[in-house]
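Right, one structure below, let's go through it.
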Amino acid sequence: MFYRYRPGCPKRRLGAGLLLALGVVLGGFAAGPARADVCDERTLTLGVEPYAPFQVRDARGWSGLDITILRTVLDAMGCALEIEPVPWKRHLISMMHGGHVDIAASAHRTPERRAFAHFSDPYRSSKTVLLVGGTPESAPATLRDFFDAGKVLGVVLGYEYGRTAAALIEAHPEQIIMTAYPETNVRLVQWGRIDGTIGDLFVIAEASRAARAAGRVTIAETVVDRQPVHFMFAKQTVPVEFVARFNAALEAFKASDEWDKLFRSYLD
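If you count by this note's numbering, then the sequence shown holds residues 3 to 270, one letter each, in order.
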């Protein structure tokens, strides 16, 4: 199912080495003694949706780079994690209104989100790219050229694509189709229902591979946006003091050999 864009709607990231990294259980990293009082003996809930390679569901459950990083940091803090599948838009609404979801991953910091969420320090960067149907020679040079040619773009409800894309999407509502998942947009491009979609480079590449769309779609050379990526914590359920402790544990992980090994495998 997909929807026409309405101005004012809010907007929202492979080789064998990567698959190994996503499934690894990291050892040897510690952020100090486990303390139940850090989490107030609560189980924190992460909302997830299919967002490969960062959030991946298979027969064994949920894994992926985001989940591996978050679980490792929380384990070092002595905190328990529960995973709750939820579409991104509903995820944001839950965090706004003090629902049962405490954490979001792969989040970009925006003024609107700062009103209801705390943000961790960045843990990776995101490169937003444009995927179109056809060959590399036919790909537009910029996202503006794409819209100027009258083409239709698929975006995901609730995703944030950066200021440049947001301004163009707002200016061309009649050329926007909104869906629930990146994979849906890639398939719509593949089937010729829409002309293009945008998203995190690794997510778009993995969705194209899963759709077996090689030769029918092209990732344009243009980079739409680059942004740091954060974990996002609901202000109504997670105190800012906890986020400060989380950041300290995250920085300790980033300084460890395990972090470098994970990202070297991830980039292979």
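Glycine included, every Cβ here is placed at the ideal spot set by N, Cα and C.
Under the three-state DSSP convention, the category residue i falls into
i	result
Trp193	coil
Arg116	helix
Gln177	helix
Phe265	helix
Asp77	helix
Thr239	coil
Ser122	coil
Exposed unless 16 or more other CB atoms sit within 10 angstroms - verdict on residue i
i	result
Asp262	exposed
Pro55	buried
Arg2	Residue 2 is absent from the structure shown; the chain starts at 3 and stops at 270.
Gly194	exposed
Ala182	buried
Ser65	buried
Arg165	exposed
Within 8 Å, strictly: CB atoms of residue i and residue j
i	j	result
Gly156	Thr199	yes
Val188	Ala222	no
Thr220	Gly136	yes
Leu252	Asp123	yes
Thr47	Ile105	yes
Ala167	Glu185	no
Gln57	Ser128	no
Asp202	Thr130	yes
Asp68	Ala117	no
Val191	Trp90	no
Val205	Leu132	no
Gln110	Phe149	Note that residue 110 corresponds to His in the displayed sequence, not to Gln. No, the pair does not count as a contact, with Cβ atoms beyond the cut-off.
Sequence-distant residues of the same chain with beta carbon closer than 7 Å to residue i, five excluded per side
i	result
Pro87	Val50, Glu51
Asn249	Ser122, Asp123
Arg146	Leu170
Ile71	Tyr125
Selected residue, minimal CA-CA separation from residue i, among the options
i	options	result
Asp295	Thr45, Pro184, Phe233	In the structure as shown, the chain begins at 3 and stops at 270. Residue 295 is therefore absent and cannot be evaluated.
Ala215	Asp68, Pro142, Val134	Val134
Arg218	Pro138, Asp259, Phe255, Ala182	Pro138
Lys237	Gly101, Arg165, Ser140	Gly101
Arg126	Phe233, Ala254, Asp60, Val242	Phe233
Pro241	Ile85, Asp60, Glu114, Ala119	Ala119
Met346	Glu176, Arg115, Met79, Ile85	The structure shown does not extend to residue 346, since the chain spans only 3 to 270, so no value can be given for it.
Any non-hydrogen atom of the ligand FMN closer than 7 Å to residue i Cβ
i	result
Thr186	Summarising the ligand content, the structure contains no ligands, and the ligand FMN is consequently not present.
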